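**Student:** Can you keep this structure in mind? I'll have questions shortly.
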Amino acid sequence: ADLSGAALFGADLTDAILRNADLSSARLNYADLSGANLSSATFIDADLSSATMTGAQFCNSVMPDGTTLSSGC
């Protein structure tokens with residue numbers, strides 16, 4: 213899914229399946245991503261400040277700073 217630049221401020225994305233999603237430059241401040249599957253998602257330049265990510269699965273996910281997170285693989 214192409215969600216690049218999306219305004220998802222405070223969105224409830226609990227348990228969402230966002231595998232391979234492009235969330236580049238998305239505004240995810242205060243979003244709830246608890247339990248979400250974020251495998252191979254791209255977050256380049258996304259704003260994740262104050263987002264809740266408890267139990268979220270990151271496997272080969274590209275984070276806002278360009279590093280690849282592989283927890284949950």
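Take any residue in the sequence shown, note its place counting from 1, add 212, and you have its number in this note's numbering.
Cβ atoms here follow ideal geometry from the backbone N, Cα and C, with glycine treated the same way.
Just so you know, these numbers come straight off a predicted model, no measurement behind them.
Use the C-beta contact count for THR254: other C-beta atoms within 10 angstroms, 16 or more gives buried, fewer gives exposed.
**Tutor:** The count along the sequence shown starts at 1 and reaches residue 254 at position 42. That one is buried.
**Student:** Taking the alpha-carbon positions, what's the ALA248 to LEU230 distance?
**Tutor:** For the purposes of this step, residue 248 is taken as the residue at position 36 of the sequence shown. For the purposes of this step, residue 230 is taken as the residue at position 18 of the sequence shown. Cα-Cα distance, rounded: 7 Å.
**Student:** Can LEU162 and ALA243 be called in contact, C-beta distance under 9 Å?
**Tutor:** What is shown of the chain runs 213 to 285, which leaves residue 162 out entirely.
**Student:** Using only alpha-carbon positions, find the residue among ALA228, GLY222, LEU250 and GLY217 that is nearest to SER273.
**Tutor:** On the sequence shown, position 61 is the one that residue 273 refers to. Here the closest residue by C-alpha is LEU250.
**Student:** Per DSSP, what kind of secondary structure is THR266 in: helix, strand or coil?
**Tutor:** Taking the first residue of the sequence shown as position 1, residue 266 is located at position 54. The answer is coil: DSSP assigns THR266 none of H, G, I, E or B.
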